[in-house]
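Trainee: Per the working numbering, the sequence shown starts with residue 38, numbered consecutively.
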Amino acid sequence: LLVWLAVGAAVVLLVRMFLPRVGVAAQWMLLVPVLVVLGQFVACLLAFFVPVASRMALGVTFGPVIAGLVGLGSVAAMWLGAGPLMASGAPRRVLGAAVCVGGAGCLALALLPVYDAEHPKRIRAEWQEGLERERWFLVDEDNLPLQSALRGVACAEVPAGWRGDEACETGVARAPAEVPPGVRVVSAREAAGGRRTVTLEVEAQGAFAMDVSVPVASVAAWTSPLPALYSPDDPYTVRVLAPPVDGWTTTLTLQGQGPVPVLVERRYLPTEAQQAGVEAMVQPWTTADLVVVKAVRAWVP
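1) With respect to the beta strand (DSSP E) encompassing V301, which residues constitute its N-terminal and C-terminal limits?
2) Taking a contact to mean a Cβ-Cβ separation below 8 Å, would you say V223 touches T274 in this structure?
3) Which of helix, strand or coil does DSSP assign to C137?
4) I'd like to check one pair, W173 with Q311: are the Cβ atoms closer than 8 Å?
5) Just checking my contact of P298 with A244 at CB under 8 Å: how many whole Å lie between their CB atoms?
6) Given this structure, state the Cα-to-Cα distance separating V235 from V256, to the nearest angstrom.
7) A246 and V277 - do their beta-carbons sit closer together than 8 Å?
8) Where are the beta strand (DSSP E) runs, 3 residues long or more, that stay fully inside the stretch 190–277, in chain order?
9) Would you give the residue range spanned by the alpha helix (DSSP H) that A314 belongs to?
10) Which residue comes first and which comes last in the beta strand (DSSP E) that contains D339?
11) Where do the N-terminal and C-terminal ends of the beta strand (DSSP E) with L187 fall, by residue?
12) Nearest-angstrom Cα distance between A193 and C205?
13) Where do the ends of the beta strand (DSSP E) carrying G167 lie?
14) Please report the straight-line C-alpha distance between E166 and L306, rounded to a whole angstrom.
Structure follows, in structure tokens:
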């Protein structure tokens, strides 16, 4: 791309130096191939970044990045057109026309819908069961209000944390069900300083992934590197992808007295009924990536 930009600018410069009688219109025509390549390059970047932006759980919006890509393309186009612009003899008129076109484009972007059925807004949805409640948990990662993507649903806003830009939940309390936690203490032994080393086996129970969380104050060491925390109040959470069918084994060094709570969230693919349920909650120009989360809490003595 840089070669194309340099070649285009060099051609216009040579024409202005050695063929001064060539009109401004001809100089603009010489830049058409370069401007087309520049436009295609920016379009390819947008085609890559826009779908990926809503799938990256970074906790930040990609709106400024996408706007920056468009801005860089515009700056490059203005740089290429600087020569013909100055040669036109009326740079103020040309710049004024460009400003009017840009203002009309911004107005059109403000009035036209951002998403449609072919380019939907993506929401990450979870149907969460366990811990005495059932709820929908919805997360998005753009500046468009999440509530505007829902239809006929009262969704209470909750902190999104590291998950995304905005989150809300809707659900009901349920009577606690007797669900086996599927967490077994394989071995436990005393360690120095009043600590204890515990080996746990966590059953997969058909889940494609598991999140195992332990309070920060209770963990001194883990066989896995201690994960980074979004907030000091968050627990240490390890995500296990494709856990073994016969169970996932891990060893922790615990500190403090008394039993330690271990939260296990098993993640499953949704059923057709669950997928239909979340699709009924969102607008036609919205699509939801749904995961079913079943949470249980076990206590390690």
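Cβ atoms here follow ideal geometry from the backbone N, Cα and C, with glycine treated the same way.
Mentor: In terms of the structure at hand:
1) V297 to Y305
2) no
3) helix
4) no
5) The pair is not a contact, with the Cβ atoms about 20 Å apart (cut-off 8 Å).
6) 11 Å
7) yes
8) 193–195, 203–210, 220–227, 233–239, 246–251 and 256–259
9) Checking the displayed sequence, the identity of residue 314 turns out to be Gly instead of Ala. Its alpha helix (DSSP H) spans residues E309 to M318.
10) Given a span of 38 to 338 for the chain in the structure shown, any question on residue 339 remains unanswerable.
11) Per DSSP, L187 belongs to no beta strand (DSSP E) and is neither H nor E.
12) 5 Å
13) K158 to G167
14) 14 Å
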